[in-house]
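Residue numbers (our numbering): 253 to 402. Built from N, CA and C at the ideal position, the CB exists for glycine as well. Have a look at the structure below, then the notes.
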């Protein structure tokens, strides 16, 4: 019975961690390296995450700076950033790529609010389902225990 509670607790924790992870990927007005986590680059015939071909750091509150390790990959990295659906326009200078983040528009803010609400609701539904399943299992175990004693 205690194992069932522990399993339910672990599932709820995973659900909350998933929500936290999903919320951290949402682009706000500030520069953060995790904005580029979803971008992949073709590297010698394979798609690899951007952070495996370049060092990503925050230059200032509105600008990210990428230091591409191989000079021949700069064009490929730039192309991947432009083709992503993030609306970013990189500027190349030598081995560095600077990515200024455009300010959030009113429309984009409203979309972000809807997205955050949806993510929160999905997490709540998940936790509710986990709790319901755990309660049902506990009720079944209690019924078996009562029937076993008779």
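Cβ shell of residue i (< 8 Å), same chain only, five flanking positions each side left out
i: residue 292; result: 299, 300, 301, 302 and 332
i: residue 267; result: 375, 378, 379 and 382
i: residue 271; result: 371, 372, 374 and 375
i: residue 256; result: 386, 389, 390 and 393
As assigned by DSSP and simplified to three states, the class of residue i
i: residue 260; result: helix
i: residue 254; result: helix
i: residue 336; result: coil
i: residue 348; result: strand
Option nearest residue i by Cα separation, candidates the options
i: residue 368; options: 264, 275 and 270; result: 275
i: residue 308; options: 326, 327, 355 and 288; result: 288
i: residue 269; options: 256, 375, 328 and 383; result: 375
i: residue 354; options: 285, 341, 362 and 345; result: 341
i: residue 282; options: 335, 366, 311 and 344; result: 311
i: residue 365; options: 399, 321 and 280; result: 280
i: residue 363; options: 330, 278 and 273; result: 278
Closer than 7 Å: residue i CB and nearest the ligand PLP heavy atom
i: residue 362; result: No copy of the ligand PLP occurs in the structure displayed, which carries no ligand at all.
Close Cβ partners of residue i (< 6 Å) along its chain, the five nearest in sequence each way excluded
i: residue 343; result: 350
i: residue 264; result: 379 and 382
With three or more beta-carbon pairs closer than 8 Å as the criterion, would you say the stretch 349-358 touches the stretch 310-330?
Taking 8 Å as the limit for Cβ pairs, the verdict is that the stretch 310-330 does touch the stretch 349-358.
Flag this pair as touching only if the stretch 376-391 and the stretch 253-269 have three or more C-beta atom pairs under 8 Å; answer yes or no.
Because the criterion of three Cβ pairs below 8 Å is met, the stretch 376-391 and the stretch 253-269 touch.
Going residue by residue through the stretch 276-321, where are the continuous alpha helix (DSSP H) segments of at least 4 residues, counting only ones entirely within it?
DSSP runs (the alpha helix (DSSP H)) wholly in the stretch 276-321: none.
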